[in-house]
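Here the sequence shown stands for residues 0 to 79, where the numbers follow numbering that gives the first Met the number 0.
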Amino acid sequence: MSYRPFVEALVRSVVEHPEDVRIEEEVDGSTRIFFVHVAPDDVGKVIGKSGRVVSAIRCVVSAVAAREREKAFVKVPTED
0 MSYRPFVEAL VRSVVEHPED VRIEEEVDGS TRIFFVHVAP DDVGKVIGKS GRVVSAIRCV
60 VSAVAARERE KAFVKVPTED
């Protein structure tokens with residue numbers, strides 16, 4: 000089962016430019032990694048103060064994955 004639409008909906012609810020949200024999913028056995036790409040202006044909104052927003056997103060996605068006996072990770076790549 001893919002959680003991509005769920006992750007996308009969570010991220011779109013946080014950002015100012017939801018049309019720029021792009022989610023890449025990698026699957027390795029029972030582990031899923033979601034790479035969240037957003038507009039440069041929205042990276043701070045997704046990460047949040049002290050990482051609180053992205054931590055909350057990770058917690059919720061991980062809980063959904065645990066119900067299916069899977070592991071899920073959310074990563075927000077930043078261009079330096």
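By construction, the Cβ of each residue, glycine as well, lies at the ideal position given by its N, Cα and C atoms.
Measuring straight from C-alpha to C-alpha, what distance separates Val26 and Ile32? Translated into the one-based positions of the sequence shown, residue 26 becomes position 27. Translated into the one-based positions of the sequence shown, residue 32 becomes position 33. In this structure, the CA atom of Val26 is about 7 Å from the CA atom of Ile32.
What does the alpha-carbon distance come out to for the pair Val14 and Val59? As a position in the sequence shown, residue 14 is number 15, starting the count at 1. As a position in the sequence shown, residue 59 is number 60, starting the count at 1. Distance between the alpha carbons of Val14 and Val59 is about 17 Å.
Report the partner residues of Ile46 according to the DSSP bridge assignment. Along the sequence shown, one-based indexing puts residue 46 at 47. Answer is none; Ile46 lacks a bridge partner.
Where do the ends of the beta strand (DSSP E) carrying Val35 lie? Locating residue 35 in the sequence shown gives position 36, where the first residue counts as 1. For Val35, the uninterrupted beta strand (DSSP E) run begins and ends at 30–36, by DSSP.
Between Thr30 and the rest of its own chain, which residues show a CB-CB distance below 6 Å, the 5 nearest in sequence each way excluded? For the purposes of this step, residue 30 is taken as the residue at position 31 of the sequence shown. Its chain contains Lys70 as the residues whose beta carbon lies nearer than 6 Å to that of Thr30, once the 5 sequence neighbours on both sides are disregarded; these appear in chain order.
DSSP bridge partner residues for Ile56 (one or two, in chain order): Stepping through the sequence shown from its first residue, residue 56 is reached at position 57. Per DSSP, Ile56 has no beta bridge partner at all.
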